[in-house]
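So the sequence lines, in the order shown, correspond to chains H and V.
In this text, residue positions in the first sequence follow my numbering: the first is 1281, and each later residue adds one.
In this text, residue positions in the second sequence follow my numbering: the first is 259, and each later residue adds one.
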Amino acid sequence: MDNMESNLLEKEKILIVKNITKVFPGVKALSDFNFDLYKGEVHCLIGENGAGKSTFIKILSGAFEPSQGEFFINGEEHKYFTPQMARKLGIQTVYQEDILVPCISAAENIFLGSETNNQKYFINYKKIFKDAEKIAKQLGVYIKVDEIYEKLSPSDQQFVKILKALAQKPKILILDEPTQAFNVKDVNLIIEMVKKISQEGVSIIYIAHNLDEIIEVADRITVLRDGAKINTHTKSFETFSADKLAKEMIGRPIDLFYKKKESLVGQDVFEVRGLKLEQSSKEVSFKVKEGEILGVAGLKGAGSAEIARAIFSVKKKYGGKIFYKGKDITPSNPIESVKAGIALITENKKVEGLFMDMPVSHNITIVGLDNIGRFFIRLSKERKISNSYVGKFNIKTSSLNKEVKFLSGGNQQKVVLAKWLFKNIDILIVEEPTHGIDVNAKAEIYEFFCEFTASGKSIIMISSEMMELISLSDRIIVIRNFEISRELIKGEINEENILSGFMGGK
Amino acid sequence: MLNTKDINQAVSKKVSIKSRLSFLNNHITYLILVIIVVGIVTTILNPNFLTLRNFFNVMQQFSILGILTMCMSLLMISGGLDISIGNMAGLGAMIFARMLLAGISIWISVIVVLIVGTVLGFINGLIVAKSKVTPLIITMGMNYVFLGVAFILAGGRPQTISDQFEFLGGAKIANIPISMLILLAVLLFAYFLRKYTKYGRRLNAIGGNVQAAYFSGINVDLHIISIYALSGLIVGLAALVLVSRFGMVRADTGSDYALQALAAAIIGGIPLQGGKGSVVGAFFGVLLIGILYNAMNIIGVSSYEQTVILGAIIVFATVIGNIGKMKR
């Protein structure tokens, strides 16, 4: 440790954090956390959901007040920040769901609130478009700066968020999972961009779940677990290994590839026949067997999400029928889909899956209310049942009455799963089941999938994560341009074949 | 090192003590405290305040607002809103008075008013559910429609039925006003519906997140339309109490009630955007407004000043309610 420090001694420490502790009622979110940041470095924070990363950056950006500890910025001591102080000291944070003004242009968003580039009362559009384009180009990104923000693609929106933070000329830039909802190509763009920013002397705190991405971008990595710092690694071949880092995050060895138990796959039970997503698009047909996990692979925008939505009938279909055990069950709305035993878990669980202001127990029972009473809800039965689901899924919550919005992402995803399991459905369509979820919760969710299929039920799993697709699927269909470009049976499932499916190869 | 199970247990133990004390952190508790403070101050100024008779008096006077507040709360918890309920009640009362004056029997008239209320609520619900336009605008428009129809029916004159139908508004059983009993019955019904029925739970889910409700296979439109219709039925009941209490109906008799009911619900802790809150809280919201009016009357505050003070209290209560949320 001492050796490493001395190597970096010539570098200037711009932030030192000493013994920060943050206690929430019932939980110690951060305990005695020490951290430092050199000028111009990319310092990554990794850890499972709930490890304390978000708490730490919220303290840095002034959203939370720490219970104990102090900061040194430019040698000055601080006990806490307000958001204004943080900004004044040059700390800018780009949150995951930090939403800009949707109905004005990207360039206006970038310079919103930074008066240097605005005249006092009027906006010089020509100038801000030109300036925005210039700083974007310097960082190697090409976005249409005069486009309305909400019309930009998710990745371009992310770039705009980062550019907006940069327009404030920060000394410290905090990026909270900047690559969520990105495909591989755009992740690389972000990594390049982050490296360029750091070379200009801005220090970056970078949070992400994907270890490969972190290893690529980081100068140093700090591992957090249960609110405490486990280790800080300086870039080197040995320490920067995904396996080792994952072990430190979890505290026990894990396999990055989930090893699926062999399960018995039965006869065809579910069939999608001639599904048309657009008036002019080609028909999509496939079958799912009893006890099977059918992987659906596709890049963002390839159409797999639309197929799921059309099957569940939350999106209009232009033809096609759906059969279960030979019977035509084609639903015309989600009410009929649920009745027919189909469930859809979308990626956007906060909007389409959860009732954030309702307690955990009410979220679990909402679809299967019929199971806890005819007209009236038997509250004691509801409590008992939700308690058993909380236990079964290992949902970490201080009480059944806790509102779901207070749970971490992984636990929220488990609540969504519990909700459908309680309804006793036959076909589970799930989109990106483990996106943005920590490794531990991931394994638990995979375990649940296997249990579910072992009972003879089937899963259609739409995913863009290779490892997930390869290790879980009994069969994979690859979607490209709103049609099935390739079907892979056991033995053919590997990364190359999936990738060639993406490109349209056979 | 503790494992997660131990931590979970420890946390849940702590919380169980906390949850026993959680009433201290509860909106309804604050409302009751405020009511008590107002009560004590007024009693010191005028001991006549603290009598059972005066309390019944307040309840009787505010029973119509109370019943309408229950409608508003049920709608708001379901993510809706209906600011036409005041004039809907006025229209119902007008129809009732015209029928009685035309010599139609009381029972038929009662049933017709209840049906009219249900149908008007149904129409509101149907438009809101199918158009997906914000209910504020729809019901604001309907508010004028109802008021206008009541004016047409009135033909420019107040309709006086004198003592033909005093039972609901003025009569008492063992000194307890019947209108108060009706209000309590509606409160009980709303509470039960909200807490113990699947229907109420689904309504709450719709109010919390329509999209997730839709994705959960809940029949969103059916629930929205039916709760507006149910609310209309209760508005019909309020219309009957209204006629009975005053013995005379003007076309704009109900005009003030809707916004007052909205205010009472908000004071009672239901946010304007809905999806949360309790009907019991809204009931205490009504009670607070009622007791304040009564106290101001007893102390001798003029009715103009009362209006100013009520308005200020609505602003104050909502600001206070929001301060709790702004804390970190």
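Ideal Cβ positions, reconstructed from N, Cα and C, are used throughout, including at glycine.
Bear in mind the structure is a predicted one, so any value in this text is a computation, not a measurement.
- Closest by C-alpha distance to Val573(V), out of Val296(V), Val559(V), Asn552(V), Leu530(V), is Leu530(V).
- Contacts with chain H (Cβ-Cβ distance below 7 Å) from the region 471–503 of chain V involve Tyr472, Phe473, Ser474, Gly475, Asn477, listed in chain order.
- Leaving aside the five residues that flank Leu498(V) on each side, the residues in its chain whose CB is nearer than 7 Å to its CB run, in chain order, Phe354, Val368, Val371, Leu426.
- Each of Leu1392(H), Ser1516(H), Gly1507(H) was checked against the Cα of Val1497(H), and the nearest Cα belongs to Ser1516(H).
- Ranked by Cα distance from His1489(H), the options Gly1507(H), Ile1510(H), Thr1514(H), Asp1456(H) are led by Asp1456(H).
- Within the region 1516–1601 of chain H, the runs of beta strand (DSSP E) at least 3 residues long that lie entirely inside it are, in chain order, 1548–1555, 1564–1569, 1573–1577.
- Using beta-carbon distances, Leu1634(H) counts as an interface residue toward chain V, with a partner under 7 Å.
- By the CB criterion at 7 Å, Gly512(V) and Gly348(V) fall inside the cutoff.
- With fewer than 16 other Cβ atoms from the protein chains shown falling within 10 Å of its own Cβ, Thr565(V) counts as exposed.
- At a cut-off of 7 Å between C-beta atoms, Gln564(V) does not count as an interface residue with respect to chain H.
- For Lys456(V), the chain H residues whose C-beta falls within less than 9 Å of its own C-beta are Leu1649, Asp1650, Ile1652, Gly1653, Arg1654, Phe1655, Phe1656, Ile1657, listed in chain order.
- The region 507–525 of chain V makes contact with the region 319–336 of chain V, as at least three CB pairs between them are under 8 Å.
- At least one C-beta of chain H is nearer than 7 Å to the C-beta of Gly466(V).
- Within the same chain, Pro1639, Val1640, Ser1641, Arg1663, Ser1666, Asn1667, Val1670 come within 8 Å of Leu1680(H) by CB-CB distance, once the 5 residues on both sides are set aside.
- In this structure Trp1700(H) is buried. Its beta-carbon is surrounded by 16 or more other beta-carbon atoms within 10 angstroms.
- Among the CB atoms of chain V, none fall inside 7 Å of the CB of Asp1426(H).
- A straight-line Cα-Cα distance of about 7 Å links Ile492(V) and Ile325(V).
- Nearest Cα to Asn1511(H) within the set Gly1736(H), Ile1326(H), Lys1475(H), Ser1735(H): Ile1326(H).
- For Met438(V), the uninterrupted alpha helix (DSSP H) run begins and ends at 436–454, by DSSP.
- Counting only runs that start and end inside the region 1390–1443 of chain H, the alpha helix (DSSP H) elements of at least 4 residues fall at 1405–1418.
- Here the C-alpha atom of Glu1776(H) lies approximately 44 Å from the C-alpha atom of Ile1339(H).
- Proximity of chain H to Gln531(V) at the Cβ level (cut-off 7 Å) is not reached, the minimal Cβ distance being about 10 Å.
- DSSP, read as helix, strand or coil, puts Asn1613(H) in coil.
- Residues of chain V with a Cβ closer than 8 Å to the Cβ of Met1638(H) are, in chain order, Asn462, Ala463, Gly466.
- Ile1510(H) carries a strand assignment under DSSP once its states are collapsed to helix, strand and coil.
- In terms of Cα proximity to Ala1412(H), the closest of Ile1615(H), Phe1402(H), Lys1431(H), Leu1392(H) is Leu1392(H).
- The way I'd put it, the region 1746–1761 of chain H does touch the region 1580–1593 of chain H; three or more beta-carbon pairs between them come closer than 8 Å.
- Taking a beta-carbon distance threshold of 7 Å, Val1695(H) does not count as an interface residue toward chain V.
- Scanning its chain for C-beta atoms nearer than 6 Å, with the 5 sequence neighbours on each side dropped, one finds around Ser1753(H) the residues Ile1573, Gly1575, in chain order.
- Between Phe1409(H) and Asp1436(H), the C-beta gap is not smaller than 7 Å, which leaves the two residues out of contact.
- Within chain H, the residues Asp1637 have their CB atoms less than 7 Å from the CB of Lys534(V), given in chain order.
- Taking a Cβ-Cβ cut-off of 9 Å, the neighbours of Leu1624(H) in chain V comprise Phe473, given in sequence order.
- By the neighbour-count definition (other C-beta atoms within 10 Å, threshold 16), Thr327(V) is a buried residue.
- Boundaries of the beta strand (DSSP E) harbouring Phe1351(H): 1348–1353, taken from the DSSP string.
- Taking a contact as a CB-CB distance under 8 Å, the pair Gly1736(H) and Glu1563(H) does not count as one, their CB atoms being some 29 Å apart.
- A distance below 8 Å between beta-carbons, with the five flanking residues on each side excluded, links Leu359(V) to the following residues of its chain, in chain order: Gln417, Ile419.
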